[in-house]
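In our numbering, the protein residues as written are 33 to 491. Remarks on the structure that follows.
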Amino acid sequence: MYKFPSDFFWGAASSATQSEGRVPGDGKGENIWDYSSQQFNHRFFQGVTTENTSHFYQDYQGDIQRMADISLNSFRPSISWSRLIPDGDGPVNPQAVIFYNQMIDELLAKGIQPFINLYHFDMPMAMQEIGGFENRQVVSAYVRYAKICFELFGDRVPYWFTFNEPMIPAEAGYLHDRHYPYVVDFKRAATVLHHTILAHCGAVKVFREMALSSKIGIIMDVIPVYPRSQHPADLEAAEMADLFYTKSLNDAILKGAYPAEIGLLLKQYDQMPMIEAGDLDVIAATKIDLLGINYYRPRRVKARESVPNPHGVFSPEWFFENYEMPGRRMNTSRGIEIYPRGLYDIAKKLQVEYGNIDWFVSENGIGIQGEEAFIEDGMVQDDYRIAFLREHLVELHRAMSEGSRCLGFQMWTFVDCWSWVNGYKNRYGFYRLELPSGEKSIKKSGLWFKEVIENQGFN
Ligand code: BG6
């Protein structure tokens, strides 16, 4: 029997832009996703925009009942900055206050702990127009927004998170041309990341000053890195991938300082972000209470087989290449490897290298294209999702039995949702969303998870 603690958090995660939808007259301001899914519609799978979501704004009561039906005891939605403060830094939208108050109250009434995330990739358009996180004024606006959230909802929310995967908007929006504003410039990406870290620090500071009894943390996607071989060149490549994509952020948040090696490298290549006097002290002084880890896949790397163009755009990929390991197990819908052992390795890393901090799995899951092919007797028979979950939970259990302080497991996601770039291509939910009707129905994995929660584990 894989038994989990009786106070273990079992839940699911979601995000405002991916689930809420927009209703005429709701007072919500535009964010970069509302804008880019309209203006750069061809970049989105089947051209689906943020208008077409699972309608959490209107159906939150129904969804929270569905959560209770499968015995979830925690849920991590995000607040939409542009719904609460339509222009990012001005007046508060009273309808949003009503909505988030009702949503939080409804969760609590159903015995589901709200884990509230303040930012899930969704910069208000008015803030993006003045430079987004490249502009320090936006850092201040974010801290003001966080403070308003703590003031409005802080009496009832037990767990707060400043950001979901802060590396992604910097990397996907400013280096890899996947998210708006579609910039390809390492130095600007590094500045966005640095300012995001400062925004996190500012929100934590305000939170501490308010002396709330709740806890605050951040959600990070830690991708464990594996070298192709033990050859020194492959090991060095793995070090570099880890340094740029994981340690740069993790060390700043969890150890209070950027790794020295990255500073030297960025100076050498003239890629230092805009760091002002005092920034590093702010980072050093900021401590979180709880860490969320999103885990989907490993990163396998090898030494480069060609010399990068020294006149091209600087990129971490100058120092390594991705490695396609023969025999790897793939989720072909998303084009990523399935590697449950990676979750154990992350847990051990947190235990050994990051002071055994309290943490939880804030996202894990498998997105499948064409899931309707698995409908039998009116239900998605997603045995692949059950197997995926089971294998990851076994690895997590192993780490916990060796002392890892993991407090919970939240699945991505509760009901199939719209996704950045991918629209509705890959389905992740415990509940299926029928399009265009919007009908929601439980999948086999939802029933399996309910049983796991009720038994506090599985055989
Ligand atoms: C996570 C994000 O990294 O991946 C979610 O936090 C996202 O917002 C999820 O939906 C799955 O990604 P995708 O692109 O397969 O939908």
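In this text, a Cβ means the ideal position worked out from N, Cα and C, and glycines have one as well.
Return yes when the C-beta of residue i is under 7 Å from any heavy atom of the ligand BG6, and no when it is not.
{"i": "glutamine 442", "result": "no"}
{"i": "glycine 461", "result": "no"}
{"i": "serine 69", "result": "no"}
{"i": "arginine 366", "result": "yes"}
{"i": "tryptophan 452", "result": "yes"}
{"i": "histidine 152", "result": "yes"}
{"i": "aspartate 377", "result": "no"}
{"i": "serine 110", "result": "no"}
{"i": "glycine 399", "result": "yes"}
{"i": "serine 17", "result": "Residue 17 falls outside the range modelled here, since the chain spans only 33 to 491, and no answer is possible."}
{"i": "glutamate 395", "result": "yes"}
{"i": "asparagine 105", "result": "no"}
{"i": "aspartate 283", "result": "no"}
{"i": "aspartate 274", "result": "no"}
{"i": "aspartate 253", "result": "yes"}
{"i": "glutamate 403", "result": "no"}
{"i": "asparagine 196", "result": "yes"}
{"i": "serine 477", "result": "no"}
{"i": "serine 86", "result": "no"}
{"i": "serine 47", "result": "yes"}
{"i": "asparagine 458", "result": "yes"}
{"i": "asparagine 63", "result": "no"}
{"i": "asparagine 326", "result": "yes"}
On the DSSP bridge list, what partners appear for residue i?
{"i": "cysteine 438", "result": "Trp391"}
{"i": "glutamine 401", "result": "Asn458"}
{"i": "arginine 75", "result": "Answer is none; arginine 75 lacks a bridge partner."}
{"i": "glycine 249", "result": "Phe193, Leu322"}
{"i": "phenylalanine 107", "result": "Ala44, Pro146"}
{"i": "proline 156", "result": "Asn63"}
{"i": "leucine 465", "result": "Lys472"}
{"i": "tyrosine 34", "result": "Phe490"}
{"i": "tryptophan 444", "result": "Ala45"}
{"i": "methionine 411", "result": "Glu408"}
{"i": "serine 451", "result": "Gly455"}
What separation, rounded to the nearest whole angstrom, lies between the Cα atoms of residue i and residue j?
{"i": "valine 412", "j": "tyrosine 174", "result": "40 Å"}
{"i": "glutamate 161", "j": "threonine 445", "result": "31 Å"}
{"i": "glycine 59", "j": "glutamine 90", "result": "14 Å"}
{"i": "glycine 205", "j": "tyrosine 212", "result": "5 Å"}
{"i": "asparagine 84", "j": "valine 393", "result": "28 Å"}
{"i": "glycine 381", "j": "tyrosine 290", "result": "The amino acid at residue 381 is misidentified as glycine; the sequence shows lysine. In a straight line, the C-alpha of lysine 381 is about 17 Å away from that of tyrosine 290."}
{"i": "glycine 295", "j": "aspartate 321", "result": "27 Å"}
{"i": "serine 172", "j": "phenylalanine 193", "result": "17 Å"}
{"i": "serine 436", "j": "leucine 425", "result": "13 Å"}
{"i": "valine 215", "j": "histidine 208", "result": "8 Å"}
{"i": "methionine 362", "j": "asparagine 491", "result": "26 Å"}
{"i": "valine 257", "j": "isoleucine 250", "result": "21 Å"}
{"i": "phenylalanine 10", "j": "isoleucine 400", "result": "What the structure shows of the chain is the stretch from 33 to 491, and residue 10 is not part of that stretch, so it cannot be assessed."}
{"i": "arginine 75", "j": "glycine 53", "result": "19 Å"}
{"i": "methionine 33", "j": "phenylalanine 481", "result": "15 Å"}
{"i": "asparagine 454", "j": "tyrosine 327", "result": "18 Å"}
{"i": "valine 345", "j": "glycine 164", "result": "22 Å"}
{"i": "leucine 139", "j": "histidine 343", "result": "54 Å"}
{"i": "aspartate 274", "j": "serine 246", "result": "32 Å"}
{"i": "proline 56", "j": "methionine 135", "result": "19 Å"}
{"i": "leucine 244", "j": "glycine 324", "result": "20 Å"}
{"i": "asparagine 125", "j": "arginine 260", "result": "52 Å"}
{"i": "lysine 219", "j": "isoleucine 255", "result": "22 Å"}
{"i": "valine 494", "j": "proline 358", "result": "This structure cannot speak to residue 494, because the chain is shown only from 33 to 491."}
{"i": "histidine 87", "j": "phenylalanine 41", "result": "25 Å"}
{"i": "aspartate 414", "j": "leucine 375", "result": "21 Å"}
{"i": "glutamate 166", "j": "threonine 223", "result": "6 Å"}
{"i": "glutamate 353", "j": "phenylalanine 441", "result": "32 Å"}
{"i": "tyrosine 460", "j": "glutamine 300", "result": "43 Å"}
{"i": "threonine 364", "j": "aspartate 253", "result": "20 Å"}
{"i": "isoleucine 307", "j": "serine 347", "result": "19 Å"}
{"i": "phenylalanine 77", "j": "alanine 317", "result": "42 Å"}
{"i": "serine 38", "j": "leucine 439", "result": "10 Å"}
{"i": "glutamate 349", "j": "valine 189", "result": "40 Å"}
message = If contact is defined by three or more beta carbon pairs under 8 Å, each pair taking one atom from either stretch, is the stretch 225-233 in contact with the stretch 301-311?
response = Enough Cβ pairs lie closer than 8 Å, so yes.
request  = Give, in chain order, every unbroken run of the alpha helix (DSSP H) that is at least 4 residues long and sits entirely within the stretch 325-395.
outcome  = Correct list: 373-385.
query = How do the stretch 98-108 and the stretch 236-244 stand: do at least 3 beta-carbon pairs fall below 8 Å, yes or no?
reply = Flag = no, the stretch 98-108 and the stretch 236-244 do not touch.
message = Would you call the stretch 404-419 in contact with the stretch 465-476, where contact means no fewer than 3 C-beta pairs closer than 8 Å?
response = A contact between stretches requires three or more CB pairs, one per stretch, nearer than 8 Å, and the stretch 404-419 meets this requirement with the stretch 465-476.
task = Pair every Cβ in the stretch 428-447 with every Cβ in the stretch 372-389, then say whether three or more of these pairs are closer than 8 Å.
result = Three or more beta-carbon pairs drawn from the stretch 428-447 and the stretch 372-389 are found closer than 8 Å, and the two stretches are therefore classed as touching.
ask   = Would you say the stretch 111-120 touches the stretch 146-165, given that touching needs at least three Cβ pairs under 8 Å?
value = The answer is yes - the stretch 146-165 touches the stretch 111-120, with three or more Cβ pairs under 8 Å.
ask   = Three or more C-beta pairs closer than 8 Å, one from the stretch 38-50 and one from the stretch 108-116: is that the case here?
value = Three or more Cβ pairs closer than 8 Å define a contact, and the stretch 38-50 meets that threshold against the stretch 108-116.
query = Within the chosen definition, does the stretch 66-77 reach the stretch 125-140 through at least 3 CB pairs nearer than 8 Å?
reply = With the cut-off at 8 Å, the stretch 66-77 and the stretch 125-140 do not touch.
request  = Would you check if there are 3 or more beta carbon pairs closer than 8 Å linking the stretch 264-274 to the stretch 324-337?
outcome  = The answer is yes - the stretch 324-337 touches the stretch 264-274, with three or more Cβ pairs under 8 Å.
query = Which ranges does the beta strand (DSSP E) cover as unbroken runs of at least 3 residues, wholly within the stretch 246-319, from first to last along the chain?
reply = Unbroken beta strand (DSSP E) runs of no fewer than 3 residues, entirely contained in the stretch 246-319, are found at 247-253, 257-259, following chain order.
request  = Check whether the stretch 176-188 touches the stretch 141-154, taking contact to mean three or more Cβ pairs, one atom from each stretch, closer than 8 Å.
outcome  = Yes: the two stretches touch, three or more of their Cβ pairs being nearer than 8 Å.
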